[in-house]
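Read through the structure below, which is laid out as structure tokens, and then see the notes.
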């Protein structure tokens, strides 16, 4: 078995699919559709190539170390359960792509829909194949984001935007809860690997953390799979295009929660809380949603509530948790995907041809759409559980397992609720067929009187799915029995499970009687309601009143928004001094609270006398800080004094034999001073004085308290003996990192992931500044009354000197960069030196001429540098996986060359190159934005300070 196929299956739609359909749109809609279908079909075929060994009990595992210290690795696993879901995702996805080509109006972007569907498919495949809880969560949240974009596909449709926001909010909150549950499971087991966790049920359930972990995970599953009381988001997502609804309801979004319960079933089975809670919620959702579906006037709304009902049925079976119940759940997952995808496609056909999906206008269109009506009858019969369809078989299994696993009064109550739910399902299925195709005159109220059957390509996916509904209903043992049993063994982790035998007839028994009552009672119930159009006179909204989920959700958001506005009005005063006040107070409280019960006396460590140089530097630092305090209202002086303080700190680092820190400090100090001076042109030259003497004393007390507190904490640490880990870096820097400069090795190897995060934040900050400054002129104006400093050409002597500085600085940068792994230097310092040289060019030549010389108009070049730097750094980390090493693990070798002799090469140099490019790009982008004279003039009042 080829395990490398697992990431390919996910990456095909995630990278190839999304980019391919975006590129193919320049040719034609047909070519775009063929590209999307080809990518999806390829993933489907790749899965089929692995089906035989997987269904026989084997599992494909692919594992790359990422953050092994915290248990987060790129780990994928394909077993029978994952295979079933992945085949549904890719198989029905392929049919959706075919259907969408015919459904979507040429005026709408087909490539946009395909790209979003590809992203959605990749996210669902990631969930199905993930073998690590945290990686699964990443894909889980990607489904929330991609479904948000899909539901809100029509951006000018207000209902679509509301539905998208509601879906994202509910499922996003569930995802956060689930993250907490996963972390607790990781704390209990010491791992996030799903295959390892599945065998630790006893350890997990005996832990006091199990109950909160279970409840948090169930919150995530229930919100995703629209279980009561979180069901209301799903019907409100019906504003999405019908292909999206068909995909979301059948094989993807709502099945994610179902999959999670099935995947983690081994650690939940045996817990009374799990069985009672999940079975009850599932059973209630099953009956409640089926009843509501009967009275929905929107065709897609009816199908949405039917989806919620069938999801409740599957959740109830997984709550029961017995092997036969799990087999019934997996069987119904397959059956529901087939008939529900077909029904949504049929709803789209009806809407597409008649111009409406309102059941009050749809009646008697049998003669207009006879073939579509036939498909509807077949798939609706499967949804209702009519004999000789696949839905009947899984419904019978549901009734059987419900009666077999409950006892006493619970089994009677459950049997009544389940029978009622079946009756309601028959009623809404009957309404779907009778109310649309037979009830009333031929198309009397239909907007389009000339409705006709759509092209065969639009009907073909529904035809295939309807055919499967019949074939599986007639030949279940031949077509799906082996798949269902293999999926059950994978879910329950019971390889000794003998399997379930799927057959049409099991004799006369109580489940058959329940089915008969539901079938006959449902038909009678519907026609009783339909008599004299009474079904259309019943409106559940006034009955439910203010307890509707949608209204409760909207009220919650409204109150939350009102509260946030009150808090904002109290805290967001526009005063930087007030913000700093609260930040400092909060910091003091957070630091002080845990130290109150600690011994805050001087430690026993032997102290040493301060050398003369330390006293001199301390006096210089004290003097500079006092000058800052004295002149802080004059902004120019304050910035220059802060630069002087930075120079003193640099001297401290030199004295303490920390040349790397000294180089970094002085370069950062120079660049930030320039940036601050440029930023001052946005502000008046003087900072407003405090409003009162009381405020001055208050600020002084808080500042002194914070300063003394930090000083005292430092003193406590310096006077105590502690176990340092510096010995590890000293000993392992050269053998493991390949460098003798311990600081640089730590940055690019031992803590390379931290550095990667830091340069990412740096790039984001620069891009954020670009967005914030858009449309603003930063130079001095009559409004700002600030500096008139501009990047105008400087005197000739300065320009001539600058022309020599740039090449020399670039050579120095290269020297600093190349020596950084063994001597003081590195990519960060080299990047800042290059940035300083370029800043000098800006000052000497003026911004326009300097950017023209660098071909960096509007900062576009610097944005590319940022992206290129992050890409190089990221690819350097990924490269380690190909050698089976953790992310960003560096390698080093010695190479003998004829010219330079023996050379030491380290892969960390490539990572450092990414750091260099990002630092140069981010710094120069900030400079470019702040000095850009091409922005329009800033209008309106300045923000308060």
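In my numbering, the protein residues as written are 163 to 1107. Think of the CB as a built atom: it goes at the ideal place given N, C-alpha and C, for glycine as much as any other residue.
- In the three-state scheme derived from DSSP, where H, G and I count as helix and E and B as strand, residue 997 is classed as helix.
- Residue 1044 and residue 317 have their C-alpha atoms roughly 42 angstroms apart.
- DSSP lists no beta-bridge partner residue for residue 973.
- Taking each of 458, 280, 346 and 443 in turn and checking the Cα distance to residue 414, the smallest one comes out for 280.
- For residue 235, no alpha helix (DSSP H) segment is defined; the enclosing uninterrupted segment is the beta strand (DSSP E) at 234 to 240.
- Judged by beta-carbon spacing, residue 978 lies beyond the 9 angstroms limit of residue 1002, meaning their Cβ atoms are not closer than that value.
- Residue 547 is positioned such that its CB atom lies no closer than 9 angstroms to that of residue 563.
- The shortest CA-to-CA distance from residue 509 to any of 464, 849, 745 and 451 is the one to 464.
- Taking C-beta atoms as the reference points, residue 687 and residue 588 count as a pair closer than 9 angstroms.
- 9 angstroms or more divides the Cβ of residue 339 from the Cβ of residue 175.
- Secondary structure in the region 1001 to 1071: the beta strand (DSSP E) runs of 3 residues or longer, each lying completely within the stretch, are 1054 to 1059 and 1063 to 1068 in chain order.
- Sixteen is the threshold: when 16 or more other Cβ atoms of the shown chains lie within 10 Å of the Cβ of residue 1051, as they do, the residue is buried.
- Residue pairing from DSSP places residue 796 in a beta bridge opposite 848.
- Annotation: the continuous alpha helix (DSSP H) that includes residue 494 extends over 485 to 516.
- The residues 441, 444, 445 and 448, in chain order, have a CB closer than 7 angstroms to that of residue 478 in the same chain once the five nearest residues on each side in sequence are set aside.
- Cβ contact annotation for residue 764 (same chain, cutoff 6 angstroms, sequence separation greater than five): 881, in chain order.
- In this structure the region 253 to 272 touches the region 613 to 627; the number of beta carbon pairs closer than 8 angstroms is three or more.
- Assignment of beta-bridge partners to residue 229 by DSSP yields 234.
- Distances from the alpha-carbon of residue 1042 to those of 841, 673 and 914 put 914 closest.
- Residue 1022 and residue 964 have their alpha carbons spaced roughly 23 angstroms apart.
- Residue 548 carries a coil assignment under DSSP once its states are collapsed to helix, strand and coil.
- Three or more beta-carbon pairs separated by less than 8 angstroms are not found between the region 629 to 642 and the region 467 to 481, which leaves the two stretches without contact.
- For the region 637 to 663, the full-length alpha helix (DSSP H) segments reaching 4 residues or more read 638 to 641 and 643 to 654 along the chain.
- When the Cα atoms are used, residue 625 and residue 512 turn out to be separated by approximately 15 angstroms.
- Per the Cβ contact rule, the region 289 to 297 is not in contact with the region 317 to 329 (fewer than 3 Cβ pairs under 8 angstroms).
- Using a Cβ-Cβ distance cut-off of 8 angstroms, the region 649 to 656 and the region 484 to 498 are in contact, since at least three pairs of beta carbons, one from each stretch, lie closer than that value.
- Under the three-state reduction of DSSP, residue 520 is assigned to strand.
- Assignment of residue 398 by DSSP, reduced to helix, strand and coil, places it in the helix class.
- For residue 835, the uninterrupted alpha helix (DSSP H) run begins and ends at 821 to 841, by DSSP.
- Three or more Cβ pairs closer than 8 angstroms define a contact, and the region 411 to 428 falls short of that threshold against the region 511 to 529.
- Secondary structure remark: continuous alpha helix (DSSP H) runs of at least 4 residues inside the region 531 to 578, in chain order: 532 to 546 and 552 to 567.
- Around the beta carbon of residue 902, fewer than 16 other beta carbons lie within 10 angstroms, which makes this residue exposed.
- Sequence-distant Cβ neighbours of residue 199 in its own chain, meaning closer than 7 angstroms and more than five residues away, are 256, 259 and 260.
- The region 349 to 359 makes contact with the region 219 to 238, as at least three CB pairs between them are under 8 angstroms.
- Here DSSP, grouped into helix, strand and coil, assigns residue 294 to strand.
- Of the candidates 438, 988, 1083 and 429, 988 places its Cα closest to the Cα of residue 821.
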